[in-house]
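**Q** Taking the working numbering, I'd label the letters of the sequence shown as residues 12 to 246.
For glycine and all other residues, C-beta sits at the position ideal for the given N, C-alpha and C.
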Amino acid sequence: MKKISNILYILLGVCVVAGCTKMDQYLDYTGHKELTYTGKVDSLKALSGDDRIKLSWLLIADPKISGVTIYYNSKSDSVVIPVNRTGGIDSMEYLFSNMPEGSYSFEVYTWNTAGIRSVPTYITGRSYGPNYKSGLLNRAITDAELKDDGNAIINWSQAEETTIGMEVTFTNSSGVQHLLQIPLTESSTVLEAYQPGSDFSYRTLFRPDSFAIDTFYAAATVRKVDYSGTLPPGF
Numbered sequence: 012m013k014k015i016s017n018i019l020y021i022l023l024g025v026c027v028v029a030g031c032t033k034m035d036q037y038l039d040y041t042g043h044k045e046l047t048y049t050g051k052v053d054s055l056k057a058l059s060g061d062d063r064i065k066l067s068w069l070l071i072a073d074p075k076i077s078g079v080t081i082y083y084n085s086k087s088d089s090v091v092i093p094v095n096r097t098g099g100i101d102s103m104e105y106l107f108s109n110m111p112e113g114s115y116s117f118e119v120y121t122w123n124t125a126g127i128r129s130v131p132t133y134i135t136g137r138s139y140g141p142n143y144k145s146g147l148l149n150r151a152i153t154d155a156e157l158k159d160d161g162n163a164i165i166n167w168s169q170a171e172e173t174t175i176g177m178e179v180t181f182t183n184s185s186g187v188q189h190l191l192q193i194p195l196t197e198s199s200t201v202l203e204a205y206q207p208g209s210d211f212s213y214r215t216l217f218r219p220d221s222f223a224i225d226t227f228y229a230a231a232t233v234r235k236v237d238y239s240g241t242l243p244p245g246f
């Protein structure tokens, strides 16, 4: 038993010496000063847009934070944002404009007036542009029928996952043009007092992802409702 105790003491001594050696190396590296950091950003998000990206975040810890620096384009570009802490939780955002379509990586630091900064927080964001827009197609129509009461009915087929709604423009029997905002959940749309023989146009609205800050539109499609209740050729 005594022999086992001696072995344990020896092992404990080795661990202490090893720990002290690592601490000495750490202090030598830092000039015998412990490294300190400002509190890093919290809840960092990248919100996609039309040739733009918005970053949003919270400042929760460290009331002495006086600024935020964001690096992007492989740290070849950066922005510096002054901070006035309120003492509570501060919500901040920054909008990057003129960001050609593509994916971007961001590196975010906080810092204080003493030159101390936080560990980095990383995030990737995406901007959408001409390539994305060129692939947008309007929600298909299964049929459009002119009823005996003078109203036209448009029946929609199933929408794409990123569709958020439609816009329909038509002229009524009094010659007045109307613009309807159609929710995604609507499977059929009534065009009241539709002017027989006139055209209607529609376009579909898209959000490419749940964090998108911009709405994108497919090119408008122009169509006509005939009296038979079936779509003309090309519908």
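In whole angstroms, give me the CA-to-CA distance for V90 and I152.
**A** 47 Å
**Q** Which one of P219, I81 and Q192 has the shortest CA to CA distance from D62?
**A** P219
**Q** In angstroms, rounded to a whole number, what distance separates the CA positions of I76 and G176?
**A** 43 Å
**Q** Please confirm if the stretch 90-107 is in contact with the stretch 66-73, defined as three or more CB-CB distances below 8 Å between the two stretches.
**A** yes
**Q** Starting from the Cα of Y263, find the closest Cα among N142, K51 and T132 and give me that residue.
**A** What the structure shows of the chain is the stretch from 12 to 246, and residue 263 is not part of that stretch, so it cannot be assessed.
**Q** Identify the residues that DSSP records as bridge partners of T121: which are they?
**A** Answer is V79, bridged to T121.
**Q** Just checking my contact of L202 with A231 at CB under 8 Å: how many whole Å lie between their CB atoms?
**A** Contact flag wrong, Cβ pair sits at about 16 Å.
**Q** Is L46 a contact residue of the ligand GTP, with contact defined as CB to any heavy atom under 8 Å?
**A** With respect to small molecules bound, the structure shown includes none, and the ligand GTP cannot be examined in it.
**Q** In the DSSP output, what is A234 paired with across the bridge?
**A** First, the amino acid is wrong: residue 234 is Arg here, not Ala. In DSSP, R234 forms a bridge with F211.
**Q** If you reduce the DSSP assignment to three classes, tell me which class A229 lands in.
**A** coil
**Q** Please report the Cβ distance between T49 and N123, rounded to the nearest whole angstrom; I am assuming they are in contact, meaning their Cβ atoms lie under 8 Å.
**A** 5 Å between Cβ atoms; contact.
**Q** Would you say I134 and Y213 are within 9 Å of each other, going by their C-beta atoms?
**A** no
**Q** DSSP has A57 in a bridge; who is on the other side?
**A** For A57, the beta-bridge partners assigned by DSSP are L66.
**Q** For P93, which of helix, strand or coil comes out of DSSP?
**A** In this structure, DSSP gives P93 an extended state, which the three-state scheme calls strand.
**Q** Near L58, which residues of its chain fall below 6 Å by C-beta distance, leaving aside the five closest residues on each side in sequence?
**A** K65, F222 and I224
**Q** State the start and end residues of the unbroken beta strand (DSSP E) segment that holds P131.
**A** Element bounds for P131: n/a, residue is neither H nor E.
**Q** With DSSP run on the structure shown, which of helix, strand or coil describes N142?
**A** helix
**Q** Residues in its own chain within less than 6 Å of V236 by CB, not counting five upstream and five downstream?
**A** A155, L157 and A163
**Q** In whole angstroms, what separates the C-alpha of K33 from that of I92?
**A** Residue confidence for K33 is low, a pLDDT of 48 falling below 50, so the modelled location carries little weight and cannot support an answer.
**Q** Which residues in the same chain have their Cβ closer than 8 Å to the Cβ of E118, if we skip the five residues on either side of it in sequence?
**A** I81, Y82, Y83, K86, P131, T132 and Y133
**Q** For L216, is the classification buried or exposed, using 16 other Cβ atoms within 10 angstroms of its Cβ as the cut-off for buried?
**A** With 16 or more other Cβ atoms within 10 Å, it is buried.
**Q** Count the other CB atoms, across all protein chains shown, that sit within 10 Å of the CB of S138; report buried if there are 16 or more and exposed otherwise.
**A** buried
**Q** Quick check: the Cα distance between L23 and Y115, rounded to an integer number of angstroms?
**A** Note that L23 has pLDDT 49, beneath the 50 cutoff, so the model's placement of it is unreliable and no number is given.
**Q** Using CA atoms only, rank isn't needed, just tell me which of T47, T180 and T196 is closest to T121.
**A** T47
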